[in-house]
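Mature numbering (1 follows the signal peptide of the UniProt record, and there is no 0) puts the sequence shown at residues -27 to -1, 1 to 293. Read through the structure below, which is laid out as structure tokens, and then see the notes.
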Amino acid sequence: MRLLSGLTISTSLLFSSLLFQPSEAKACTTFASVGTANDEGGLLMAKNRDSLAAYEQLAVKREPGENAYLGLFYNSVDQTPYPYIAAGINEHGLSVVQNESASINNADKFNDADQSAAIYAILKDHRSVAEVLENQEKLFGNGLANFLIIGDKSGAILVEVGPKEGSYQILHASENNNLLYHTNHYVLEPMRGFNKVFYPDSADRFETIKALMKGAPGQLTAEGNYYRWMNSAQNGPYNSILREVTVASWVVSLPENGTPDLNVRFTSPSQTFQRYELELNSEFWNYPPAKIQPLPLNADGIDSEPVGSERRYTYTEGEL
């Protein structure tokens, strides 16, 4: 199944008869590319996490009999504990990012715990996309509305889970020019009937990341493409990929030959700005740090901008 070309005409047509709502604060943008779409093959995967206020933590979890995994954990109301997860990668290179299904009626009934449960199950109990597909009914047929991009070096899938049991649809990256991208409304043809509420920012972000990925002049890299796209603020502070409410950014790189790495940025107003760069080699997984330390911050040459300034949301191409 493909993302239909009709979406290029106007995503707003999809919502023409739906309830219109102002910008949704708790929303995210995710995207991934695999194989020949990437300069180094393998997998690139990214997520900008949006929330009004949140506490973020980067940590490795390992339980007996389960895969070790590195996660972007969060809590909406306090600094500890961090019971929820928004993105992660396990020791086998299986990676996942998640978006909230905001366009359904009563979206709030599907809470952080529901949305986190699928990620935990994928990372703890599966080694590859192929294994996830073998268990798709159990993982995605529960009626807990959710959007997921799941990938490894060999491929990636987009999963749209509907609010009814047995309602889910899967798009393979190989069916869409090795590219996947998503925001907070249903885009796959069999699932569009679940869209009941129209958030303009979700449509704008979807069209932006779709255009950026499809319009890239060559094969993709983290430094040359993904970091720049994560910082795209071309549609203003609320409708852009980088939003005024973006609290974390996550970019995973799993080259076909080479060491996987992770680049993370915390921008939540609830905590200190932090950046992380990690090589996910065998030593990291065999001897994971008890606490992952952020990079030392260097403000040389950075001019501060007033709150509300458009320049405040502009970053250089190579900076995540």
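Cβ coordinates follow ideal geometry from the N, Cα and C atoms, glycine included.
In three-state DSSP terms, what is residue i?
i	result
residue 132	strand
residue 22	strand
residue 213	coil
residue 116	coil
residue 46	strand
residue 198	helix
residue 73	coil
residue 264	coil
residue 55	coil
residue 189	coil
residue -11	With a pLDDT of 42 at residue -11, under the threshold of 50, the predicted position of this residue should be treated as unreliable, and no value is reported.
residue 93	helix
residue 218	coil
residue 205	coil
residue 365	A query on residue 365 cannot be resolved here, the shown segment of the chain reaching from -27 to 293 and no further.
Report the residue from the options whose alpha carbon sits nearest the alpha carbon of residue i.
i	options	result
residue 93	52, 50 and 33	33
residue 174	233, 45, 229 and 207	207
residue 194	-1, 1, 8 and 2	8
residue 45	220, 191 and 226	220
residue 137	166, 17 and 60	166
residue 157	124, 262, 70 and 236	70
residue 149	135, 176 and 183	183
residue 169	211, 248, 79 and 35	79
residue 191	231, 6 and 31	6
residue 130	106, 110 and 248	106
residue 77	223, 171 and 264	171
residue 213	61, 268, 180 and 4	180
residue 35	126, 132 and 97	97
residue 270	264, 250 and 163	250
residue 17	230, 226 and 132	226
residue 238	19, 177 and 176	19
Within 10 angstroms of the Cβ of residue i, are there 16 or more other Cβ atoms? Answer buried if so, exposed if not.
i	result
residue 51	exposed
residue -6	At residue -6 the pLDDT is 46, less than 50, meaning the model places this residue with poor confidence; the figure from the coordinates comes in the next sentence. Residue -6 comes out exposed.
residue 296	Summary: the structure shown does not reach residue 296, with the chain confined to residues -27 through 293, and so no result is reported for it.
residue 124	buried
residue 108	exposed
residue 60	buried
residue 39	exposed
residue 263	exposed
residue 151	buried
residue 246	exposed
Could you check how far apart the C-beta atoms of residue i and residue j are, in whole angstroms? I think they sit under 8 Å.
i	j	result
residue 112	residue 91	6 Å
residue 154	residue 186	6 Å
residue 66	residue 233	6 Å
residue 253	residue 62	7 Å
residue 29	residue 47	5 Å
residue 23	residue 248	About 18 Å; that fails the 8 Å criterion.
residue 25	residue 265	Incorrect: roughly 25 Å between the Cβ atoms, too far for contact.
Fill in: Cβ pair count under 8 Å reaching 3, the stretch 116 to 131 against the stretch 80 to 88
Yes: the two stretches touch, three or more of their Cβ pairs being nearer than 8 Å.
Discussion item. Would you call the stretch 4 to 13 in contact with the stretch 235 to 244, where contact means no fewer than 3 C-beta pairs closer than 8 Å?
Written reply: Not touching, per the Cβ criterion.
Worksheet entry | Touch test, the stretch 125 to 141 against the stretch 42 to 60, Cβ-Cβ under 8 Å, three pairs minimum | At 8 Å Cβ cutoff, the stretches do not touch.
Worksheet item: Taking three-plus beta-carbon pairs below 8 Å as touching, is the stretch 196 to 205 in contact with the stretch 95 to 111?
Response: A contact between stretches requires three or more CB pairs, one per stretch, nearer than 8 Å, and the stretch 196 to 205 fails this requirement with the stretch 95 to 111.
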